[in-house]
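Here is the structure we will look at.
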Amino acid sequence: MADQGAAATGDTSVAAAPRRRSVLGIGAGVVGAAGAGLLGYGAGLSRPRQPEPSGAAGPAGAPTPGWVEAVEPFFGSHQSGIVTAPQAHASFVALDLLAGAGREGLRRLLRMWTDDASRLQRGIPTIADPQPDLAGPPSRLTVTVGLGRGALVAAGLEGQAPEWLRDLPAFTVDRLERQWSSGDVVAQVCCDDPTVLAHAVRALLIDATGIAELRWHQQGFRRPASSPATMRNLFGQVDGTVQPEPSRFDELVWCGSEVPAWLRGGSSLVLRRIHMNLETWDELDPAAKEAVIGRRLTSGAPLTGQLETDQPDLEARTSGGLHVIPDFAHARQAAPAAGAPHERILRRPYSYDEGLPGNGGLGGSGIAVPRPTLPPAAAAAAEARRTGDAGLLFAAYQRDPVRQFVPIQRRLDTLDLLNVWTTPIGSAVFAMLPGVAEGSYLGAALLDG
Amino acid sequence: MNPRLLPAAAALLALAACGTTDTSGAATSTTGTAGASAAAGTGQCGKLTTSDAWVKAADTGMTGGFASLRNTGSTAAHIVSATSPASAMMELHETVASPQGGTMMRAKEGGFTIEPGGTLSLAPGANHIMFMKLIGPLPSGTTTSWTLACQDGSTLAVTAQVRTFTGAKETYVPGATTGTGSMPGMTGGMTSSRAMTSHG
Chain E
306 MADQGAAATG DTSVAAAPRR RSVLGIGAGV VGAAGAGLLG YGAGLSRPRQ
356 PEPSGAAGPA GAPTPGWVEA VEPFFGSHQS GIVTAPQAHA SFVALDLLAG
406 AGREGLRRLL RMWTDDASRL QRGIPTIADP QPDLAGPPSR LTVTVGLGRG
456 ALVAAGLEGQ APEWLRDLPA FTVDRLERQW SSGDVVAQVC CDDPTVLAHA
506 VRALLIDATG IAELRWHQQG FRRPASSPAT MRNLFGQVDG TVQPEPSRFD
556 ELVWCGSEVP AWLRGGSSLV LRRIHMNLET WDELDPAAKE AVIGRRLTSG
606 APLTGQLETD QPDLEARTSG GLHVIPDFAH ARQAAPAAGA PHERILRRPY
656 SYDEGLPGNG GLGGSGIAVP RPTLPPAAAA AAEARRTGDA GLLFAAYQRD
706 PVRQFVPIQR RLDTLDLLNV WTTPIGSAVF AMLPGVAEGS YLGAALLDG
Chain F
223 MNPRLLPAAA ALLALAACGT TDTSGAATST TGTAGASAAA GTGQCGKLTT
273 SDAWVKAADT GMTGGFASLR NTGSTAAHIV SATSPASAMM ELHETVASPQ
323 GGTMMRAKEG GFTIEPGGTL SLAPGANHIM FMKLIGPLPS GTTTSWTLAC
373 QDGSTLAVTA QVRTFTGAKE TYVPGATTGT GSMPGMTGGM TSSRAMTSHG
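Printed below as a string of structure tokens:
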């Protein structure tokens, strides 16, 4: 598996460039490509199936012996789990602080989470671990903690909130449900071993006893990091190729002097739960699917290119005068606007699949699946209950979501044919805390300031 | 669950902890890093190192303190008593098999002895420090402390994290040893039956 060895060395330089080319390096320099979108597309099978240059030991796709021992660093200037190579499994857990918990309750929670995460990421049980044997091997576990505006309000620190820390503006495609939206505190917990992951989530929830209550819990999966190919989402699209270059992380991912001091070195997380209608997508023929995206399904290459790394030519036209990459194509709408190179986001998406209802999904019961309309059917939620809820947990990290994420989403909201088959049903924005030094705790600069 | 298994399950749960009720949201501000310490002192207690010290969160009554203690000295360390600003009374406890089955906890006669190079694990369901009479709530996520005293008069201060914990509910049996004796004024959520643990 690519570069697990490097991770296992205990490199504490979280700020360093990500150690896996498969995560962030592919397409580096492809400014103007569909680098930031609701669903991203890009590299796939055209990439050579060979060990990564950064040090994979085993054959492509075969985990290197000892991979479960791999450790992601916990302490550092940035939290791990953001520019970290995405693990195969993720849980996003949002809590609401209980009335009266206040600043001290938040401090207590973050102290415990810091101590627990620092242990669990090394495969060590928490200090009062009821199931210590589940704590390892760590399998690249990361716990990444952030705050919603509600946490700062509860702590009497709303004046310390960055301006962007609030719900995104409403989009016409949104059919948001409270059960997947907002929240005071979030933990993104990722791991290559789902059992170790489940144990870590449980530890965090035990810590919340008497301080906060669960608001939502969203679980996702993606191609293992050991895979040489970029993740595909459940539409079969290669998802997550073009990412900000590591050399631009300070510009595009990490918060700087524009935010209050406690958040510098942190980031923002936008988590959108996007229901995908697998049934109606199945009904499209391959050419239509590729036109919707503007990229080839199999290779991930733009319709104007041959390789996934080729930059889309948005001006290329057919002999009939139409754009080769159609005006409605996701890749076109997701690309940064002219003169706006900052409209880039770090995508860390996970697929989700809540399974099918027992009364017959997939048409087996004779239930008619609604035909797509534009804009998406308002009955998406009800439909999901009949056909199962599957889709994408679109996790995007950026320095400023209003400046970087919102313009992209506005374009997608306006003219992205993919909206026919996708429906955002959850949305949340969090200020992801900067990293922590040993002996301190996450959020200390805010709560002890 | 198979209904026939319920009595057994109830009996297992009845192995109630030397613990108390769950924590509340009551908040007190404490700071400091809990966990490890280096042996720096003199005497028996001065040669002990502590790691992973914690106390079960509780509002009132009793609770337990836990840690791993290692004797780095060349002579045995005999821990004979404990004190804490958080509790009006402290005891050194052991957990033993009950004649009726299950386990029970009681004051450890003579305290704890740690041989040179040895480690004493204070853990739920095993030996532990008992906070007999909390002075105030111990909310999870805060820190508290206790001080161990050794036979030679040396002491060891221990800082501990307060954590939510629901396991190891052994039954406490006051007066089961010649130790501290009865427990006047005992309150709180701990199982305080003077009867031995039974399997109900």
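For the protein sequence lines, the chains are E and F, in the order given.
Numbering of the first sequence is given in my numbering, commencing with residue 306 and proceeding in unit increments.
Numbering of the second sequence is given in my numbering, commencing with residue 223 and proceeding in unit increments.
Positions of the beta carbon are idealized from the N, C-alpha and C atoms, including for glycine.
(1) By DSSP, does H383 (chain E) sit in helix, in strand, or in coil?
(2) Which residue from E:G748, E:D753, E:G754 puts its Cα closest to that of L415 (chain E)?
(3) Which same chain residues end up closer than 8 Å to P712 (chain E) when comparing Cβ atoms and leaving out the 5 residues on each side of it in sequence?
(4) Fully enclosed by the segment 387 to 430 of chain E, which beta strand (DSSP E) runs are 3 residues long or longer?
(5) Could you name the residues of the same chain whose beta carbon sits closer than 7 Å to that of F526 (chain E), not counting the 5 residues immediately before and after it, in chain order?
(6) Can you give the Cα-Cα distance for W276 (chain F) and E556 (chain E), rounded to whole angstroms?
(7) Which residue comes first and which comes last in the beta strand (DSSP E) that contains I630 (chain E)?
(8) Grouping DSSP H, G and I as helix and E and B as strand, with all else coil, what is A749 (chain E)?
(9) Would the beta-carbon of M312 (chain F) fall within 8 Å of that of F353 (chain F)?
(10) Are A736 (chain E) and G488 (chain E) close, meaning C-beta to C-beta below 8 Å?
(11) Span of the beta strand (DSSP E) holding R578 (chain E)?
(12) Closer than 6 Å by C-beta to L439 (chain E): which residues in its own chain qualify, once you throw out the five before and the five after it? Chain order, please.
(13) With I730 (chain E) as the anchor, note down where its beta strand (DSSP E) starts and where it stops.
(14) Looking only at DSSP bridge pairs, what is R622 (chain E) linked to?
(15) Quick check on W586 (chain E): does DSSP put it in helix, strand or coil?
(16) Does the distance from the C-beta atom of L402 (chain E) to that of A456 (chain E) stay below 8 Å?
(17) Would you report the Cα separation of L574 (chain E) and T419 (chain E), rounded to the nearest angstrom?
(18) Using alpha carbons as the reference points, say which of F:G339, F:G389, F:T366 lies closest to A298 (chain F).
(19) Could you tell me which residues DSSP puts in a beta bridge with L370 (chain F)?
(20) Mind checking the segment 504 to 523 of chain E against chain F and listing, in chain order, the residues whose C-beta falls within less than 8 Å of any C-beta there?
(21) Taking CB distances under 8 Å as the criterion, tell me whether S343 (chain F) reaches chain E.
(22) Using CA coordinates, which residue listed in E:R601, E:Q426, E:P565, E:D421 is at the minimum distance from P435 (chain E)?
(23) Please specify which runs of the alpha helix (DSSP H), each continuous and at least 4 residues long, are wholly inside the segment 486 to 537 of chain E, giving them in chain order.
(24) Just the Cα atoms here: how many angstroms apart are T369 (chain F) and T305 (chain F)?
(25) Kindly confirm or deny that the segment 355 to 367 of chain F and the segment 321 to 337 of chain F touch, where touching means at least three C-beta pairs closer than 8 Å.
(26) Output yes or no for whether 8 Å exceeds the beta carbon distance between H580 (chain E) and D479 (chain E).
(27) Assuming A375 (chain E) contacts R408 (chain E) (C-beta within less than 8 Å), just tell me the rounded distance between them.
(28) Buried or exposed for E550 (chain E), please, with buried defined as at least 16 other CB atoms from any protein chain shown within 10 angstroms of its CB.
(29) Counting Cβ pairs closer than 8 Å, one from the segment 713 to 723 of chain E and one from the segment 621 to 635 of chain E, do we hit at least three?
(30) Are the C-beta of M737 (chain E) and some C-beta of chain F separated by less than 8 Å?
(31) Can you find the residues in the same chain that come closer than 8 Å, C-beta to C-beta, to A508 (chain E), ignoring five residues on each side of it along the sequence?
(32) Counting only Cβ pairs nearer than 7 Å, list the residues of chain E close to G389 (chain F).
(33) Along the chain, where does the beta strand (DSSP E) containing G451 (chain E) start, and where does it finish?
(34) Provide the residue span of the beta strand (DSSP E) that contains H635 (chain E), from first to last.
(35) So who's on the other strand from H315 (chain F), going by DSSP bridges?
(36) Which same chain residues end up closer than 6 Å to F387 (chain F) when comparing Cβ atoms and leaving out the 5 residues on each side of it in sequence?
So, from the data block:
(1) coil
(2) With distances taken between Cα atoms, L415 (chain E) lies closest to E:G748.
(3) A642, A645, E648
(4) You should have 394 to 402.
(5) Here F526 (chain E) has A393, H394, Y655, S656 as same chain residues with Cβ atoms under 7 Å from its own Cβ, once five neighbours each way along the sequence are excluded.
(6) 42 Å
(7) I630 (chain E) -> no beta strand (DSSP E), and no H or E assigned at all.
(8) Residue state, collapsed to three classes: helix.
(9) yes
(10) Not a contact, by the Cβ cut-off of 8 Å.
(11) 572 to 581
(12) Correct list, in chain order: H504.
(13) 727 to 737
(14) E:H628
(15) helix
(16) yes
(17) 19 Å
(18) F:G339
(19) According to DSSP, L370 (chain F) bridges with F:A304, F:L378.
(20) Residues passing the 8 Å Cβ filter: I511, D512, T514, G515, I516.
(21) no
(22) E:D421
(23) 499 to 512
(24) 5 Å
(25) no
(26) By the CB criterion at 8 Å, H580 (chain E) and D479 (chain E) fall outside the cutoff.
(27) About 36 Å separates the Cβ atoms of A375 (chain E) and R408 (chain E), ruling out a contact at the 8 Å cut-off.
(28) buried
(29) yes
(30) No - not a single Cβ of chain F is within 8 Å of the one on M737 (chain E).
(31) D421, L425, T431, D434
(32) P435
(33) According to the DSSP assignment, G451 (chain E) belongs to the beta strand (DSSP E) that extends over 447 to 452.
(34) Careful: H635 (chain E) lies outside any beta strand (DSSP E), inside the alpha helix (DSSP H) at 635 to 639.
(35) F:A329, F:H350
(36) Closer than 6 Å at the Cβ level, and outside the excluded window around F387 (chain F), lie K278.
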